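Chemist: Encoded as structure tokens, here's the structure I'll be asking about.
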Amino acid sequence: MSESPADIQKHVKTYLKIGAGLIFMTVVTVYLSFVDFGSHSNNMLIGMAVATFKSAMVALVFMHLNHERPLIYKILVFATVFVTVMFVLFTFVHDDGLHMPGFEAQQGAHF
Amino acid sequence: MEIPYTVTARPDTGLWNAKIGIWLFLASEVMLFGGLFSSYIFLRLGADYPWPVHVLNVPMGFINTLVLIASSVTVVMSWASLKMGKWGACKLYLFITILCACTFLVIKFFEYKDKFHHYGVVMKDGTVLEGHLKDSQYLIKFDSITSLSVKADGHYPEFDPTFVFNHCTTPNPQLKTPAGTIITLDDKGLALLRAEVRKTAKDKADAVAKSTGQPAEIAPPLLPLTLTAVTPLSFAVNSTALPITQPLFGYTPTTLSFKDNTTVEGKLVDDKMTMHVDNIDVRSVPDIEHSVAWKYLPKWKEAFEEHRKERTELFHKEHPTKDPMKEEEFLRRGLVMALHSPTPEAGHHESEGVGELFDSFKATFGGGVHEYPEVEIDAKDIERWSNFLPKYNTFFAIYFTLTGLHGLHVLAGILVLGYMLVIDTRKFRNDPEHMANRIETGGLFWHFVDLIWIFLFPLLYLL
């Protein structure tokens, strides 16, 4: 990055704002986890949404991903694809029903 | 040789080299932690026990999150200061970042320590009692011990009687060897006994070697040597949850087996576990009315039923629509009760929702020491027990794996940033552009460590 000290000075303000925002959102995350949203999955969803937003702030502003060279995005796309596949695989393995009681009995019925 | 492209961009990538290097590394880190996060999902979805929620120390995790966020700000400020030519500010911010990293690890140390001293006892009927062991020990007491059979075979050539006799509570015990020598087990006696056992072992090995014609080194394992107590002895062995420090193989009502192959014969007098209970969990008990919890905490049964009733009423008030799934989930939460006082009358209170959050802050920083009911649990009621280590359940397994690996990253951050601040300091003035790029590279790693924690904190502590 070739930025003039004046540009950097502007960034500094953004960094401090984002830092304060992250701390505020941490307080919010802790608070929300003790609030009953009807079911635990709702709490899960809300908690993860806040965490994703926070980490996006860190990645975009602190790690300068809001203005980076294309090559870095290409590298990250690879990593993200692999991680997503891994998440999806794990979730599907769990949902295949193999662990359900009565699975063996059902299988037996076919033979 | 000069490393190329430390400051200027390489024409084909458009980036200075270290930057592309750190991003390739971070991409591999994304996949590493991604793998561990997916195992978290897998373990959580497949858990055959109620997944622990809010069992870790929320205030401590919360402070650690603030510390990491602050350090993320300071590391980027350090980079910006150097870019603006402020060396002093740059160094100061770098120093604060490292200080934050150290604070994080210190807090983590106390959290880990707390888990090592907190126990869960799973009863035969599924009841789980949690708490601290009285004096941090679980004593197995034997008396009327008249005979000890020690082994000094090929596996234990260096027989050490202190391994067993450290647990003997009879002062200066006297033992009779098969040869008829009487040894008093003071410091001198221990050396004498060691010599005697090793001599007997060697004599037997020689005898076997002579009769079989084989060299003594490959002689078959030796027979045990029996020592007789002149007056009956008493033993109190601290049975620990850690396999490394556990001195026992096991015990029966008449024998006590040590890990050095010594077997002691006597009478079991006490194997009750004395515990200060801070939590009752009956979610896995089919017959809650007759849970073994009420055998040990009879006074708490009424308080528990009250607590359960309150939860049910709260549920029906807040969720008037009948949703069987929600109802089941909610009512199950009423089957866990935290204890804060020795008796239900002595200021026991229930807190729910946000009140629970304030209570946890008060408990951590208020300085007040809670007292808990003390119970003596019969060993025959216990299915298994352990402190909160990876072996206790899959929650603690993934907790220690994820936070342990994350902690190692924090340590790596301290080393990398510390190197720039303390060891390679000339660059701050000589080559500030290169130095700024170095701090940016180290900073990128540090932000990533923060980013991982942003997910770890809610997943492990809150949800």
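In order, the protein sequences belong to chains A and B.
Just so we're on the same page, our numbering is the position in the first sequence counted from 1, plus 349.
Position 317, counted from 1, in the second sequence is what our numbering calls 304; the numbers after and before it change by one each time, with no gaps.
Even for Gly, the Cβ is constructed at its ideal location relative to N, Cα and C.
Since we're looking at a predicted model, the values are computed, not measured.
Considering just the uninterrupted stretch of the beta strand (DSSP E) at residue 374(B), what are its terminal residues?
Modeler: Residue 374(B) -> beta strand (DSSP E) spans 369 to 374.
Chemist: Can you have a look at residue 9(B) and say buried or exposed, based on whether 16 or more other CB atoms are within 10 angstroms of its CB?
Modeler: Classification of residue 9(B): buried, given that the 10 Å Cβ count is 16 or more.
Chemist: When you compare the CB positions of residue -11(B) and residue 44(B), do they come within less than 7 Å of one another, or not?
Modeler: No, they are not a contact pair.
Chemist: Exposed or buried, residue 362(A), counting other C-beta atoms within 10 Å across all chains shown (16 or more means buried)?
Modeler: Residue 362(A) is exposed by the Cβ-count criterion.
Chemist: Quick check: is the beta carbon of residue 1(B) nearer than 7 Å to any beta carbon in chain A?
Modeler: Residue 1(B) counts as touching chain A.
Chemist: Which partner residues of residue 128(B) appear in the DSSP bridge assignment?
Modeler: DSSP output for residue 128(B) lists 223(B) and 257(B) as bridge partner(s).
Chemist: Of all the CB atoms in chain B, is at least one closer than 7 Å to the CB of residue 407(A)?
Modeler: Chain B, which has a Cβ nearer than 7 Å to the Cβ of residue 407(A), makes this yes.
Chemist: Using a Cβ-Cβ distance cut-off of 7 Å, determine whether residue 324(B) contacts chain A.
Modeler: Judged by the 7 Å Cβ criterion, residue 324(B) is not in contact with chain A.
Chemist: Between residue 279(B) and residue 130(B), is the Cβ-Cβ spacing less than 7 Å?
Modeler: Not in contact: residue 279(B) and residue 130(B) (Cβ atoms no closer than 7 Å).
Chemist: Roughly how many whole angstroms lie between the Cα atoms of residue 434(B) and residue 332(B)?
Modeler: If you take the alpha carbons of residue 434(B) and residue 332(B), they lie about 50 Å apart.
Chemist: Going by C-alpha distance, which of 405(B), 168(B) and 79(B) is nearest residue 214(B)?
Modeler: Out of 405(B), 168(B) and 79(B), 168(B) has the C-alpha closest to the C-alpha of residue 214(B).
Chemist: Does DSSP put residue 133(B) in a helix, in a strand, or in coil?
Modeler: Residue 133(B) falls in the strand class under three-state DSSP.
Chemist: Starting from the N-terminal side, write out each stretch of the beta strand (DSSP E) that is 3 residues or longer and does not extend beyond the region 39 to 113 of chain B.
Modeler: The qualifying runs are 106 to 110.
Chemist: Does any C-beta atom of chain A lie closer than 7 Å to the C-beta of residue 399(B)?
Modeler: No, its Cβ sits nowhere closer than 7 Å to a Cβ of chain A.
Chemist: Which residues in chain B have a C-beta closer than 8 Å to the C-beta of residue 534(A)? List them in chain order.
Modeler: Since the first residue shown for chain A is 350 and the last is 460, residue 534(A) is missing from the structure and cannot be characterised.
Chemist: I'd like the list of long-range same chain contacts for residue 325(B), defined as Cβ closer than 6 Å, with 5 residues on each side in sequence excluded.
Modeler: Cβ within range, chain order: 266.
Chemist: Which residues share a DSSP beta bridge with residue -4(B)?
Modeler: Residue -4(B) pairs with nothing; no bridge assigned.
Chemist: State the beta-bridge partners of residue 163(B) as determined by DSSP.
Modeler: Note: residue 163(B) sits in a beta bridge opposite 169(B) and 215(B).
Chemist: Given this structure, state the Cα-to-Cα distance separating residue 350(A) from residue 59(B), to the nearest angstrom.
Modeler: For residue 350(A), the predicted structure reports a pLDDT of 48, less than 50, and the residue's modelled location is therefore unreliable. A value from the coordinates is still provided. For residue 350(A) and residue 59(B), the distance between alpha carbons rounds to 19 Å.
Chemist: Return no unless some Cβ of chain B is closer than 7 Å to the Cβ of residue 355(A).
Modeler: For residue 355(A), the answer is no, since every Cβ of chain B falls outside 7 Å of its Cβ.
Chemist: With a 10 Å radius around its C-beta and 16 neighbouring C-beta atoms as the bar for buried, classify residue 422(A) as buried or exposed.
Modeler: Result: exposed.
Chemist: What's the gap between the Cα of residue 445(B) and the Cα of residue 154(B)?
Modeler: Going from the Cα of residue 445(B) to the Cα of residue 154(B) covers about 45 Å.
Chemist: Identify which residue in 175(B), 397(B), 170(B) and 180(B) has its Cα closest to the Cα of residue 146(B).
Modeler: The residue with the shortest Cα to Cα distance from residue 146(B) is 180(B).
Chemist: State yes or no: is the beta carbon of residue 449(B) nearer than 7 Å to at least one beta carbon in chain A?
Modeler: Yes, residue 449(B) lies at the interface with chain A (some Cβ there is under 7 Å from its Cβ).
Chemist: Kindly say whether residue -3(B), judged by its beta-carbon, lies nearer than 7 Å to any beta-carbon of chain A.
Modeler: No, its Cβ sits nowhere closer than 7 Å to a Cβ of chain A.
Chemist: Run down chain A in chain order and give the residues with a C-beta less than 7 Å from the C-beta of residue 25(B).
Modeler: Result: 435, 436 and 439.
Chemist: Run the CB neighbour count on residue 427(B), radius 10 Å, all protein chains shown included, and call it buried at 16 or more, exposed below.
Modeler: Buried: at least 16 other Cβ atoms inside 10 Å.
Chemist: I want to verify the contact list: residues of chain A whose CB lies under 7 Å from the CB of residue 349(B), in sequence order.
Modeler: Those do not exist, as residue 349(B) stays about 14 Å from chain A at its closest Cβ, beyond 7 Å.
Chemist: So, at 7 Å on beta carbons, what are the nonlocal neighbours of residue 83(B) in its own chain, with the 5 sequence-adjacent residues on each side left out?
Modeler: Cβ within range, chain order: 61.
Chemist: From residue 5(B) to residue 12(B), what distance separates their C-alpha atoms?
Modeler: Approximately 10 Å, taken between the alpha carbons.
Chemist: Looking only at C-alpha atoms, which of 200(B), 394(B), 70(B) and 385(B) sits nearest to residue 30(B)?
Modeler: Minimum Cα distance to residue 30(B) is reached at 385(B).
Chemist: Listed in chain order, which residues of the region 65 to 91 of chain B have Cβ atoms closer than 8 Å to some Cβ of chain A?
Modeler: Answer in chain order: 67, 70, 71 and 72.
Chemist: Residue 395(A) to residue 229(B), Cα distance in whole Å?
Modeler: Between residue 395(A) and residue 229(B), the C-alpha separation is close to 38 Å.
Chemist: List, in chain order, every chain B residue whose beta-carbon is nearer than 7 Å to that of residue 392(A).
Modeler: Per Cβ cutoff of 7 Å: 450.
Chemist: With 7 Å as the threshold, decide whether the Cβ of residue 414(A) is near any Cβ in chain B.
Modeler: Chain B contact via Cβ: absent.
Chemist: Say whether chain A places a C-beta atom closer than 7 Å to the C-beta of residue 344(B).
Modeler: Yes, residue 344(B) lies at the interface with chain A (some Cβ there is under 7 Å from its Cβ).
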